[in-house]
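**Q**
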Amino acid sequence: MRCPFCGNEDTQVKDSRPTDDNAAIRRRRQCSNCGARFTTFERVQLRELVVVKGNGQREPFDREKLLRSMQIALRKRPVDAERLERVVNGIVRRLESSGEPEIQTSMIGEAVMDALANLDKVAYVRFASVYRNFREAKDFETFVGKLGGEAD
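With the first letter of the sequence shown counted as 1, position 12 gets the number 12 in full-length UniProt numbering; the numbers rise by one all the way through.
1. Per DSSP, glutamine 104 forms a beta bridge with which residues?
2. To the nearest angstrom, how far is it from the Cα of alanine 151 to the Cα of lysine 138?
3. List the whole-angstrom C-beta distance separating asparagine 22 from cysteine 3, where the pair is believed to meet the contact cut-off of C-beta under 8 angstroms.
4. For chain C, is any of its Cβ atoms less than 9 angstroms away from the one on valine 87?
5. Helix, strand or coil for aspartate 120, going by three-state DSSP, please let me know.
6. Is arginine 94 helix, strand or coil when you go by DSSP?
7. Just how far apart, CA to CA, sit threonine 19 and arginine 63?
8. Which word fits alanine 81, buried or exposed, when buried means at least 16 other C-beta atoms lie within 10 angstroms of its C-beta?
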């Protein structure tokens, strides 16, 4: 594993343990060159997924990109990182077990929308505002109005 600080390829594992949900192994590493410590995660990957964007462009699925988009929606919300990790792991497992090597961005977006709807309503609206491309305040009103109707 290459050191993210100095680029040295000689690093040593100092500690390994499973994550709380046992979906990954957390490893603490130390660089033999600069002495810096950093953490890596090892996860099971069932298959290589390719994301097909709306314009037809293809790119490898990036779990970290999915996690970042959800973290942005959840910023300053009362959802702990472990719970978010479990949700992201669940989405990734669903995508990998779908049997399809190519996943449409719309399928990922809908999976995130479903997960956020159950996790945090404010984050759900935040994500929807970007995903559904809200242009005006009226778009928010309409969406939130439908959301309020679901609670009845």
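Note that the Cβ used here is the ideal one computed from N, Cα and C, for glycine as well.
Because the structure is a prediction, the values reported are computed rather than measured.
**A** Well, looking at it:
1. Val52
2. Note that alanine 151 scores a pLDDT of 46, beneath 50, so its modelled location is shaky; the value from the coordinates is reported in the next line. Their backbone Cα atoms lie some 20 angstroms apart in a straight line.
3. With a Cβ gap of about 28 angstroms, asparagine 22 and cysteine 3 do not count as contacting.
4. Note that chain C does not occur in the displayed structure, where there is just one protein chain.
5. coil
6. Note: arginine 94 maps to helix in three-state DSSP.
7. 16 angstroms
8. Flag for alanine 81 reads exposed.
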